[in-house]
Each structure stands twice: as structure tokens, then as C-alpha cells.
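Remarks on the structure that follows.
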Amino acid sequence: MKLLFSFLLSLPWVVMAQQKFTGINQLNIPPFVRQGDQPLFGFQLFNNSKKDWTGTVHFQLLDTLQQQPVDGWFYNQQGNQYFLVEPSKKEWIEFPIHIPFEFSKPTAWELRIKTDTSTTLTTDYLQIEPWGYAEETATPASDPRWPLLVKKTSRLTTKNGRTRKELLTENAIVITGDTLLVEIEMTKSKSNKVVLVEQWPAGTQPNMVRTLRTHAGVGKVLQLNRQELRMEWMNTSGSTLKVSYQLIARYTGRFQIPPVVVSGADLPAPFIRSSYSSLLIEQLKLP
19 MKLLFSFLLS LPWVVMAQQK FTGINQLNIP PFVRQGDQPL FGFQLFNNSK
69 KDWTGTVHFQ LLDTLQQQPV DGWFYNQQGN QYFLVEPSKK EWIEFPIHIP
119 FEFSKPTAWE LRIKTDTSTT LTTDYLQIEP WGYAEETATP ASDPRWPLLV
169 KKTSRLTTKN GRTRKELLTE NAIVITGDTL LVEIEMTKSK SNKVVLVEQW
219 PAGTQPNMVR TLRTHAGVGK VLQLNRQELR MEWMNTSGST LKVSYQLIAR
269 YTGRFQIPPV VVSGADLPAP FIRSSYSSLL IEQLKLP
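Residue 19 is where the sequence shown starts when you use the numbering used here, and the numbers rise one by one after that.
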């Protein structure tokens, strides 16, 4: 009887150990997305058992108010997939979606992994931010009275101890883990006070603590969060304003690069902005 009791006490620990043989090891989902983004939601499945792990994965998007699927809105056409993970291997399962401009309801995603013996559910909310430039051209109109505003994004690579800067153009591809340098410059300013608002692509993560630099004027950070930087400059008339900082490419997909926007009470227009483009981030495949 004592032996049976000891076995029953140890049974939950045996079950827990068995459950850890297979599962989800890594999620590739950005903390927020913007309307118009095309994220590639990725999940890494691992199999530490001694036999093949097979089953199906079901990825679904839900309107949390109505509790109804909204996969059609997001072009979720690969929501059902079969998987096979060999012993001691890992496999990536990816679901491309397109964030619509017209959709603004609270949304959540669900991932179900079904095998012959179990069903595992993973779920979370999907934060969707609006995109305010859907009806505008990528390159804004210019006026000779306006300050000139330029924004550049480059990839930084290091080889033999030397850092190289590669300017990114439309449809350029970067890899998760790449370091990106963003440079903003405004010239021909005639304003005494301007406010600069800079937002970064949803697939990136800012590294502001070490790399935020201001090169001219008296700049003051008004707001800094995971989505945007807001700065204010005083006495900027005739100055060249420069800001540079670094981003880390974190999540896969195609993400819009928002324009930098500058506003001021004495500007010829209520605000001016730079052009915008998009950034394609691919997953670094590890062995």
C-alpha cells in the first residue's frame, strides 16, 4: 500500500514531464500592428520525444465583442495546417495575414494544436493601431516655404570590427535580429518651436536608451513608448535638426514605415511629413 501511495504522489510529476516533450517553444507575434501591415505570425514547435509528433494546427482571428470569426477580413487563408515534427527537432508554422484598413473592432487570435491524444489552446489579444495615411501618396506634396524633412533607414552590419551602413530602399529585406539605423533631418526651418512625432514599424523594437541622439537645437523628449517618440525643439529658426536612433528587427512580415511628422504654430502648413515606405522582415532560421 505504501508503495502504491508513493507512485500516485509521483504520477502528476510524470505527466508534467511528459507534457514538456512537445509543445510551442517560441512565438513570433508583434505586440501591436497597424492597419495595412502584413505580419507573418510564426510559432516554433518542438519535439523532445523519441517518436514523430504529428497533428494539425488551427489559427483563427476573432471579433471579441461578438465572439465570431473574422478570418475573411484578415485574409487568413492558411489557418489550418498539418504538422510533423521529427524526434529532437523543431519546426516553424507560419500564418500570413493582412491587417485591413476598414476593420477597427477588438480582435484576438487563437492557436489550437490537435493530436490524436490532446488539444492545446494558446490565445491573446491583437492590438491594431490606425494608419492615418491610407488615402495619401507615399511622397507628400512640397512647398518652397516649408522646411525640408528627410527620413532614412539603413541596416548596420559589422565585419572585421568595422560597421557598415546600407541604405534601405522599398522592398528591401532584413532578417530578424538585424540592427537598423533611423536618421531624421529637417533643414530650412523658420519656426521658433516645432514638435516632431516619429513612429516605428510594428515589426521592430526601439533601442532608445543607448542610441537616441539629437544633433542640433534644444530638443526635449515629450513622450516615449513602444510605438512612438515625440520631441519638442525651441529656437529652431535657421537650424538643422537631426535625430538618429536604432531599431532591432524582431517580427516577420511586411510592415509600413510611418512618416515622421513635424508640426508648429508658425509653420506655413499645420504639419509637414516625410515620405513613407514599407519594411520586409524575414525570420532568421536557426538549425
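Just so you know, even glycine gets a beta-carbon here, dropped at the ideal spot from N, CA and C.
> If you run the structure through DSSP and keep just helix, strand and coil, what is residue 55?
Replying inline: As a first step, residue 55 must be located in the sequence shown, where it is residue number 37. In the structure shown, residue 55 sits in coil (DSSP, three-state: anything other than H, G, I, E or B).
>> According to DSSP, is residue 242 part of a helix, a strand, or is it coil?
In response: Taking the sequence shown and counting its residues from 1, one reaches residue 242 at position 224. Reduced to three states, the DSSP call for residue 242 is strand.
> If we ignore side chains and look at the alpha-carbon of each, how far apart do residue 101 and residue 285 end up?
Replying inline: Within the sequence shown, the letter at position 83 stands for residue 101. Within the sequence shown, the letter at position 267 stands for residue 285. In a straight line, the C-alpha of residue 101 is about 57 Å away from that of residue 285.
> Which term fits residue 136, buried or exposed, when burial requires 16 or more other beta carbons within 10 angstroms of its beta carbon?
Replying inline: Along the sequence shown, read from residue 1 onward, the residue named residue 136 stands at position 118. Exposed.
> Which residues in the same chain have their Cβ closer than 6 Å to the Cβ of residue 281, if we skip the five residues on either side of it in sequence?
Replying inline: Walking along the sequence shown from the start, residue 281 turns up at place 263. So the list reads 213 and 289, once near-sequence residues are dropped.
> Exposed or buried, what is residue 252 when buried is set at 16 or more other beta-carbons lying within 10 Å of its beta-carbon?
Replying inline: Residue mapping note: residue 252 aligns to position 234 of the sequence shown, counting from 1. Burial call: exposed.
> Got a sec, what are the start and stop residues for the beta strand (DSSP E) residue 272 sits in?
Replying inline: Reading the sequence shown from its first residue, position 254 is the one you call residue 272. That run of the beta strand (DSSP E) goes 271-275.
> Looking only at its own chain, which residues have a Cβ that is under 6 Å from the Cβ of residue 159, when we skip the five neighbours before and after it?
Replying inline: For the purposes of this step, residue 159 is taken as the residue at position 141 of the sequence shown. None.
> Mapping DSSP to helix, strand and coil, what is residue 47?
Replying inline: Working through the sequence shown from its first residue, we reach residue 47 at position 29. Residue state, collapsed to three classes: coil.
> Based on the DSSP output, what are the partners of residue 77 in its beta bridges?
Replying inline: Sequence index remark: in the sequence shown, residue 77 carries index 59 (1-based). Answer by DSSP bridge pairing, in chain order: 129.
> Which residue from 172, 141 and 240 puts its Cα closest to that of residue 42?
Replying inline: The residue labelled residue 42 in the question sits at position 24 within the sequence shown. Per the Cα distances, 141.
> Counting only runs that start and end within the region 95-143, where is the beta strand (DSSP E) found for 3 or more residues in a row?
Replying inline: 98-103, 107-114 and 125-132
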